[in-house]
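Undergrad: Take 94 as the starting number for the sequence shown in the numbering used here and just add one per residue. The structure that follows is given in the form of structure tokens.
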Amino acid sequence: MWDLGGEACPGARPARTSCSCASLAPPPPIFPPIMTSLNTEAALNQLMAHIEHNPLHRAPSLDAEQLDEATTAAEGAVFAALQALPPSHLSLFAAAAAGNAGPTVVDLRSDTVTQPTLAMLDAMTIAHVGDDIWGDDPTTRLLEETAARVLGKEAALLMPSGTMGNLVAAMAWCPTRGAEILAGAESHLVVYEQGGTAQVAGIHTRTVPNLPDGTLCLDTVEAYLRPRGSALGTGDTSVYGSGPTGPRGGDDWQPARFPVPPGAFDQADPHYPVTGLISLENTHNRCGGRVVPIDHAEALGRLAGPVPIHMDGARVFNSAVALGRPVADLTAGVSSVQVCLSKGLSAPVGSILAGPAEMIARSRRMRKVLGGGLRQSGVIAAAGLVALGAMVPRLAVDHLNARRLAAGIQEIGAAAGPAGTLEVSCDPATVDTNIVLFQVRPGQAGTGATSAPGGLSPADQLVARLRPHGIWVGSFGPNQVRAVTHRHITEDQIDRTLLALKQELAQG
């Protein structure tokens, strides 16, 4: 039985050791050594030499003609320095498309490595901009209105990152001190966001077990809702107010659109915080990019009654494509949603937070205090519009490549057996979208999880052995590796990855 702090979960499942979910693995290291190789010294020296001798930086005043000449020279120096920078490994994909040297690296570490498309770069150069903090940026306004319409919400707000989007949502939904969030134990909000809800916002987080498919145990959620009793468990709406968002809503149920009111805190047992928000992740990263079913979000919302549901939908468009449904169908059962534009959708930066108009108005204020106001943000928003308008359908290609990779790993693992130093296994049935998790364990020729020099785990050993082949993947704990497909990954590169894996396992 799960330990629920003295409350038994009616839907308890066996001990977690039987679960294939990524939740069994500790978080991977965030900065692998291969990220330290970029050398910007030549470009820096070239730019600083110009800055130190340019009249713009030496003379107290220049006439109009001198100013124009100096500015033109400075702009040329900046462009020259940019051209002197070493290219990103993924920039080579653009060279390959132009018929030049092909890529040397297959980067499967994450879909966050995607480069902006040429259409995005063009859109950024023609974007009309203004001061968005004053509400003057028309391109940002267009992105926010478009995102709200696509996601089926009243309003939306551009965020610098998904982490800030989740934090701002928590702050907007939990304005009263003493609130808590229920979130999956393996969710991005809990594992990878530095405990920001507590560190910054003063909001307690109580974790709920994630099932292997990324869903939350509804029995546990019900047991954890606070306060318990009439305020949440029956039709008594005296604390939370009446209407279709009342506890256990009927046929006219809809997601909560207002924070839990202060009256709930006044009447709650003073020993406990009050549940102010429930967070649901879709797709679920640490459970292998699993698609959370639409009916699960709806069941969670009905169970929560007046408590808002926030979806961390960083990859919710992957879920929508996998299900063949409009994304608004997936977000209809939640009060708010955060969507990342810079993962599979390939924008260079930015996320969207969408929800009720009142909540977004509060979020705009919260974003400002966190330093998230971006002034002429239309440059970013223009790329985001291309991401929303043109990049969603092609996510299906990433899903096909992920399934191709998973099936190949399964075949290689079955054929290689346990005779070498490492053995691998993968279940393609668990690959819903663009994330592939596969297991790596010591083979018969190995001496254990820390047999390699430096005490590397089996997963880290395999990651290191694939790097000389130009294959970049990431360890996801001592016995698990993650590979994430995206628009820079082709079928040929999947086959190249499988060939490298087969060769390394054959070497023993």
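Quick reminder that beta carbons are idealized off the backbone N, C-alpha and C, glycines included.
For the alpha helix (DSSP H) that contains Phe410, what are its first and last residues?
TA: Val409 to Leu416
Undergrad: Mind checking whether His492 and Thr207 have CB atoms under 9 Å apart?
TA: no
Undergrad: In angstroms, rounded to a whole number, what distance separates the CA positions of Glu238 and Ser444?
TA: 14 Å
Undergrad: How big is the Cα-Cα spacing for Pro521 and Gln503?
TA: Linking Pro521 to Gln503 through their CA atoms gives a straight-line distance of about 7 Å.
Undergrad: Mapping DSSP to helix, strand and coil, what is Arg383?
TA: The answer is strand: DSSP assigns Arg383 an E or B state.
Undergrad: In terms of residue numbering, what span does the beta strand (DSSP E) encompassing Thr308 cover?
TA: Element bounds for Thr308: n/a, residue is neither H nor E.
Undergrad: Within the continuous beta strand (DSSP E) that includes Ser444, where are the two ends?
TA: Ser444 to Gly448
Undergrad: How would you write the range of the beta strand (DSSP E) that Arg248 sits in, first residue to last?
TA: Contrary to the premise, residue 248 reads as Ala rather than Arg in this sequence. Looking at the DSSP string, the run of the beta strand (DSSP E) that includes Ala248 is Ala248 to Met252.
Undergrad: Going by DSSP, what residues sit across from Gln532 in a beta bridge?
TA: Ser518 and Gln573
Undergrad: Chain B beta carbons: is any one of them nearer than 9 Å to that of Ile528?
TA: Protein chain content of the structure displayed is limited to a single chain, and chain B is not contained in it.
Undergrad: With H, G and I counted as helix, E and B as strand and the rest as coil, what does DSSP make of Glu273?
TA: strand
Undergrad: In three-state terms, what does DSSP make of Arg299?
TA: strand
Undergrad: Taking the beta carbon of Val250 as the centre, do at least 16 other beta carbons fall within 10 Å, making it buried, or is it exposed?
TA: Per the sequence shown, the amino acid found at residue 250 is Leu instead of Val. With a threshold of 16 other beta carbon atoms within 10 Å, Leu250 meets it and is buried.
Undergrad: At the level of alpha carbons, what is the spacing between Arg319 and Arg350?
TA: 19 Å
Undergrad: Figure out for me which residue from Ala480, Leu591 and Asn494 has the closest Cα to the Cα of Ala506.
TA: Sequence check: residue 506 is Gly here, not Ala. Checked all of Ala480, Leu591 and Asn494; the closest Cα to Gly506 is Leu591.
Undergrad: Output needed for Ala593: all residues of its chain with C-beta closer than 6 Å, excluding positions within five of it in sequence on either side, in chain order.
TA: So the qualifying residues of the chain are Leu559, His562 and Ile564.
Undergrad: Starting from Ile219, trace the alpha helix (DSSP H) in both directions and tell me its first and last residue.
TA: Leu211 to Ile219 is the span of the alpha helix (DSSP H), which, as asked, contains Ile219.
Undergrad: Could you check how far apart the C-beta atoms of Leu478 and Ala216 are, in whole angstroms? I think they sit under 8 Å.
TA: Contact between Leu478 and Ala216 is confirmed by a C-beta separation of about 7 Å, below the 8 Å threshold.
Undergrad: Around the Cβ of Phe410, are there at least 16 other Cβ atoms within 10 angstroms (buried) or fewer (exposed)?
TA: buried
Undergrad: Between the Cα of Val401 and those of Ala241, Ser435, Cys433 and Trp346, spot the shortest distance and give me the residue it belongs to.
TA: Sequence check: residue 401 is Pro here, not Val. The residue with the shortest Cα to Cα distance from Pro401 is Trp346.
Undergrad: Can you pull the DSSP bridge partners for Ile402?
TA: Ile402 is bridged to Ile371.
Undergrad: On the premise that Ala495 lies in contact with Val533, defined as a C-beta separation below 8 Å, what is that separation, rounded to the nearest angstrom?
TA: Contact flag wrong, Cβ pair sits at about 18 Å.
Undergrad: Answer yes or no: do Gly382 and Val524 have a C-beta to C-beta separation smaller than 9 Å?
TA: yes
Undergrad: Using a Cβ-Cβ cutoff of less than 6 Å, which residues in the same chain neighbour Pro449 once the five nearest sequence positions on both sides are dropped?
TA: Sequence-distant Cβ neighbours of Pro449 in its own chain, meaning closer than 6 Å and more than five residues away, are Glu247 and Arg350.
Undergrad: Let me know the secondary structure DSSP gives Val430 once reduced to three states.
TA: strand
Undergrad: Assuming Thr526 and Ser412 form a contact by the criterion Cβ under 8 Å, report the distance between their Cβ atoms to the nearest whole angstrom.
TA: Yes, Thr526 and Ser412 are in contact; Cβ-Cβ is about 7 Å, under 8 Å.
Undergrad: Leaving out the 5 sequence neighbours to the left and right, which residues in its chain are closer than 7 Å to Ala170 when beta-carbon positions are compared?
TA: Leu140 and His143
Undergrad: Hey, could you find the ends of the alpha helix (DSSP H) Ala593 is sitting in?
TA: Looking at the DSSP string, the run of the alpha helix (DSSP H) that includes Ala593 is Glu584 to Gln600.
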